[in-house]
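Accompanying notes for the structure given below.
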Amino acid sequence: MNREAKRREYGEKYALWLRNYQRARTRALSRLAREYPDQYKEFLEQERAKDEAEGKTWLDLSGRTKRTMDSTGTSDRTSGISKGRGNSKGEGNDGGEA
């Protein structure tokens with residue numbers, strides 16, 4: 003096997019490992035957020051405050067850096083999200099393939 007083929011093989015294996023690791027990590031974070039919502043929110047706010055103190059900005063899904071309030075007085079970040087998001091069969095999306 004030549005050098006280029008070995009590099010490609012290693013790259014493919016590493017990409018596969020990284021994807022699987024990230025999927026497992028995302029599923030674990032989702033479970034933690036569901037099972038310990040108060041602690042998760044507290045840690046998330048601590049990380050946000052730390053990042054903002056370092057001058058880093060957090061973006062919401064639309065790309066805005068500031069939260070706005072909708073007419074009901076709730077943050078637009080959570081107003082459009084329903085609990086139990088999943089398909090019609092009641093299956094959730096816990097890190098499945100896109």
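The sequence shown stops at residue 100 when you use this note's numbering, and every number in between is there.
Backbone N, C-alpha and C define an ideal beta-carbon position, used for all residues, glycine too.
- Pairing Tyr42 with Arg33, the inter-Cα distance amounts to about 10 Å.
- For Lys58 and Phe45, the gap between their C-alpha atoms comes out near 17 Å.
- Contiguous alpha helix (DSSP H) elements confined to the stretch 38 to 67 occur at 39 to 55, taking only those with 4 or more residues.
- For Asn22, the three-state secondary structure derived from DSSP is helix.
- Across the structure, Asn22 and Leu31 are spaced so that their CA atoms are roughly 14 Å apart.
- For Ala35, the CB contacts under 7 Å within the same chain, skipping 5 residues up- and downstream, are Tyr42 in chain order.
- Taken atom to atom, the span from the alpha-carbon of Pro39 to that of Arg29 is near 15 Å.
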